[in-house]
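Enquirer:
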Amino acid sequence: MKVRWITKKQIWIIAIILLVVALLIDLNTRLSTLQFLTDQKMTLESDVSNLKATLEIVSEKVDYANSDTAVEEWARQQGMMMKEGDHVLIPLPVSETAIEPTATPTIQPTQVENWQVWQKLIFDQ
1 MKVRWITKKQ
11 IWIIAIILLV
21 VALLIDLNTR
31 LSTLQFLTDQ
41 KMTLESDVSN
51 LKATLEIVSE
61 KVDYANSDTA
71 VEEWARQQGM
81 MMKEGDHVLI
91 PLPVSETAIE
101 PTATPTIQPT
111 QVENWQVWQK
121 LIFDQ
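So for the sequence shown, UniProt numbering puts the first residue at 1; every next one is plus one.
1. Unbroken alpha helix (DSSP H) runs of length 4 or more, entirely within the stretch 22-110: which are they?
2. Given this structure, state the Cα-to-Cα distance separating Asp68 from Asp86, to the nearest angstrom.
3. Just to check, is the beta-carbon of Asn114 closer than 7 Å to a non-hydrogen atom of the ligand GTP?
4. May I have the straight-line CA-CA distance separating Thr104 from Leu92, to the nearest angstrom?
5. In the structure shown, what three-state DSSP assignment does Val112 receive?
6. Note down the Cα distance separating Gln116 from Asp124, rounded to an integer number of angstroms.
7. Taking 8 Å as the CB-CB cut-off, is Lys52 touching chain C?
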C-alpha cells in the first residue's frame with residue numbers, strides 16, 4: 001500500500017475552498033440581515049407617514065379649538081350663553097295626549113281541595 005502525501009498545492013486549494021465557503025456564509029448572513037432591515041425600514045416609513053397625517057389632523061383640531069370661532073360656538077351651543085341684542089327663545093315641551101291604559105281582566109284561581117288533586121294525580125281523570 002502506497003502512502004500519499006498531501007502536496008502544498010492541495011493544501012492551498014483546500015484553504016481557498018474553505019475561505020470561499022466562509023465568505024459565502026458571511027454573504028448569506030449579510031443578505032438576510034439586509035432583507036430584514038429593508039422590511040423594517042418600509043414598516044417604519046409607513047408608520048411615520050401615518051403619524052404625520054395624524055399629527056396634521058390633530059394640529060388642525062387644536063388650531064380650531066384655540067380660535068375665537070370655536071369659543072363662540074361652544075358658548076352659544078353648550079354654554080347656553082348669548083350675545084348682546086340676542087333674543088333667546090326657549091321652546092316649551094309639547095304636551096302629549098295621555099294614553100289611557102286598557103284594563104286587563106284578572107283571572108281568579110279556583111280553589112281545589114287536596115283530595116281532588118290526589119284523585120286527579122292517581123286516577124288521571
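In this text, a Cβ means the ideal position worked out from N, Cα and C, and glycines have one as well. Computed from a predicted model, the values in this text were never measured in an experiment.
Expert: Judging by the given coordinates:
1. As far as the stretch 22-110 is concerned, its whole alpha helix (DSSP H) runs of at least 4 residues are 68-77.
2. Near 19 Å, if we compare the C-alpha coordinates of Asp86 and Asp68.
3. Absence of the ligand GTP is noted for the structure shown, with no ligands found whatsoever.
4. 35 Å
5. coil
6. 11 Å
7. The structure shown contains no chain C, having only a single protein chain.
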